[in-house]
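Report on the structure given below.
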Ligand SMILES: [Zn+2]
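In the working numbering, the protein residues as written are 8 to 288.
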């Protein structure tokens, strides 16, 4: 199964996988979506009652314009950089799930209005490298005399448990397109010209009485050219053993780390399945 890495950026990747079936590539796609773990805020403890600003002596209400549950949900969706060598799920941790430096991270937020609370105001207690990756995400607005004081605990999970633990986004797969041109006798230049002009991704070129394809991998299978040259002069086929896989991450893990984890996870699950089958007497 030869794999070509067409593009590998910190937060996105595009691969071409050859000699594979759609179900094999789809299993990688689904593992990327659901099984790659990361840190996300799971518990939030809001301070209740008045909050006094020690410097000015002013009193604030510990309330915001939104319900605490809605604020907690927004905190849960913030991307936290995750080192899977350092952090693991509570259920797999040596602490037995009690909570330790290997399975949870504490954050605090302490803001007084009027202002907008941003992701950068949610600060990790201790390790500054765990700072939220998108600092300018707005969370909630505070009016005059309103304040938000809360402590949040992030734990490791995967999207199988909740979407806030989803590392990979926009995970797509599509077969390699083959645009075949074999001009039939009755096809006019005008028809081929119109077919080239109809292509929304501009990969058909008509010049010198000839229609050519510039980059068939950009074809989106819309079929617009086929419909215009409807005598079979242009045919688009989907390869059954050659697929492109594209995805992005939210930055909590790099595209490389997410893919490596997904492939390792998939391999482990197939090995478990093989062991289970072999154990059948
Ligand atoms: Zn632990």
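All C-beta atoms, glycine included, are put in the ideal place defined by N, C-alpha and C.
According to the DSSP assignment, residue 164 belongs to the beta strand (DSSP E) that extends over 154-164.
Take residue 263, set aside five residues on each side of it, and the residues of its chain with a beta-carbon closer than 7 Å to its own are 15, in chain order.
When 107, 252, 165 and 60 are compared, the shortest CA-CA separation from residue 84 is found for 165. One Cα belongs to residue 202, the other to residue 180, and the distance between them is close to 26 Å. Here DSSP, grouped into helix, strand and coil, assigns residue 126 to helix. Between residue 258 and residue 140 a beta carbon distance of about 4 Å is seen, short of the 8 Å cut, so the two are scored as contacting.
Residue 153 and residue 113 have their C-alpha atoms roughly 23 Å apart. The straight-line gap separating the alpha-carbon atoms of residue 223 and residue 210 is approximately 7 Å. The Cβ atoms of residue 22 and residue 269 lie no closer than 7 Å to each other. Ordered along the chain, residues surrounding ligand 1 are 100, 102, 107, 109 and 110 [Cβ under 5 Å from any heavy atom]. When the Cα atoms are used, residue 122 and residue 150 turn out to be separated by approximately 7 Å. Residues of the same chain with a CB within less than 6 Å of the CB of residue 142, apart from the 5 flanking positions on each side, are 126 and 127 in chain order. In this model, residue 207 and residue 241 are separated by some 15 Å (Cα to Cα). Across the structure, residue 51 and residue 82 are spaced so that their CA atoms are roughly 8 Å apart.
Taking a cut-off of 8 Å for Cβ pairs, the stretch 231-249 and the stretch 23-32 touch, as three or more such pairs fall below it. One Cα belongs to residue 130, the other to residue 174, and the distance between them is close to 21 Å. Its chain contains 51 as the residues whose beta carbon lies nearer than 6 Å to that of residue 79, once the 5 sequence neighbours on both sides are disregarded; these appear in chain order. Annotated as proximal: residue 200 and residue 213, with beta-carbon spacing under 7 Å. With distances taken between CA atoms, residue 135 lies nearest to 89 out of 89, 18 and 99.
DSSP places residue 82 in the helix class (H, G or I) of the three-state scheme. Taking each of 182, 204 and 59 in turn and checking the Cα distance to residue 155, the smallest one comes out for 59. Partner residues in the beta bridge of residue 114, as assigned by DSSP, are 131 and 159. In the displayed model, residue 18 falls within coil according to three-state DSSP, outside both helix and strand. For residue 238, the CB contacts under 8 Å within the same chain, skipping 5 residues up- and downstream, are 191, 193 and 194 in chain order.
Residue 255 is bridged by DSSP to 19 and 176.
Going by DSSP, residue 47 is part of the beta strand (DSSP E) stretching over 45-53.
Here the alpha carbons of residue 160 and residue 105 stand approximately 13 Å from one another.
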